[in-house]
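Under UniProt numbering, the first residue of the sequence shown carries the number 1, and numbering increases by one thereafter. Ideal placement from N, C-alpha and C gives every residue a C-beta, glycine not left out. Predicted, not measured: the structure shown is a model, and the values here were computed from it. Take a look at the structure set out below.
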Amino acid sequence: QHFSPRGSNRTGGEFAPASVARLLLSAGLGPRDTFVDVGSGRGKLVVLAAAMTNVGTAWGVELSPSRAEEAVRAADRLLALGVLSREERARVRLLRGGCADALPQEALQASHFLLALKVPRARKGQQNEVDVLLERLRSVRSPSGRPRTLWSIGRKLARAADLVYERSMALDVVSERRWKTDIAVYEYSLK
């Protein structure tokens with residue numbers, strides 16, 4: 001059964017591995033960094049972040065119960081097969097829930113966030129889950145004191161004084177119907 005929050009963007013698919021590698025390696029993630037994939041699905045990007053970089057912790061949060069459970073099983077299976085080392089698996093944290101309420105303090109202090117979740121645009125005078133997450137991020141400072149990197153998949157974020165647009169890039173996506181396409185990724189710094 002397909003899970004999609006009511007009123008959400010129905011564009012779906014998986015990032016091509018080369019695109020994921022380009023995004024993660026361009027960030028220069030190191031042991032003092034924390035990566036959070038919001039809308040992590042089956043956890044592929046979270047596992048790749050732990051396997052391809054020296055990131056301290058790679059978090060994934062997924063609203064769909066079945067995809068969140070599948071992500072944990074897949075990471076454990078990769079460990080059992082020897083594809084993922086014990087050290088890499090130990091740096092992977094996978095949670096089920098909404099990004100506005102499921103992320104613990106440690107994840108909210110992360111240096112890098114990938115906003116890949118499907119959420120409806122907020123109605124006038126209301127906030128959607130991305131707005132609530134940004135509000136929570138503003139209330140929690142990064143331990144390093146450095147600006148945090150936010151990548152928004154397929155959607156520009158609302159303008160704000162502390163949110164600085166840095167650049168955009170196109171990543172290859174293979175859609176659920178196996179069509180290959182590009183999707184825009186917008187990079188911001190949260191000061």
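When the options are compared against residue i, the one with the closest alpha-carbon
i: R32; options: N54, A49, G154; result: N54
i: residue 227; options: L137, E129, A116; result: The chain is shown from 1 up to 191; residue 227 falls before or after that span and cannot be answered.
i: R91; options: L133, V83, F35; result: F35
i: A110; options: P143, A27, D76; result: P143
i: D70; options: V47, A16, L25, S19; result: For the record, residue 70 in the displayed sequence is Glu; it is not Asp. Nearest of V47, A16, L25, S19 to E70, Cα basis: V47.
i: L57; options: L45, R67, P17; result: What sits at residue 57 in the sequence shown is Thr, not Leu. Cα-wise, what sits closest to T57 is L45.
Buried or exposed (CB count within 10 angstroms, at least 16 for buried), residue i
i: R167; result: exposed
i: R148; result: buried
i: Y188; result: buried
i: S139; result: exposed
i: V173; result: buried
i: G41; result: buried
Cβ-Cβ distance between residue i and residue j below 8 Å
i: L94; j: G43; result: yes
i: V38; j: L108; result: no
i: C99; j: V61; result: yes
i: L190; j: L150; result: yes
i: L117; j: L23; result: no
Residues sharing a beta bridge with residue i, DSSP
i: D37; result: G60, L114
i: D182; result: D172
i: L94; result: G60
i: E187; result: W151, R167
i: E14; result: V174
i: A158; result: In the DSSP output, where bridge partners are listed per residue, A158 has none listed.
Supposed close pair residue i, residue j - CB separation, criterion 8 Å
i: residue 244; j: A75; result: Residue 244 cannot be examined here, being either before or after the span of the chain that is shown, 1 to 191.
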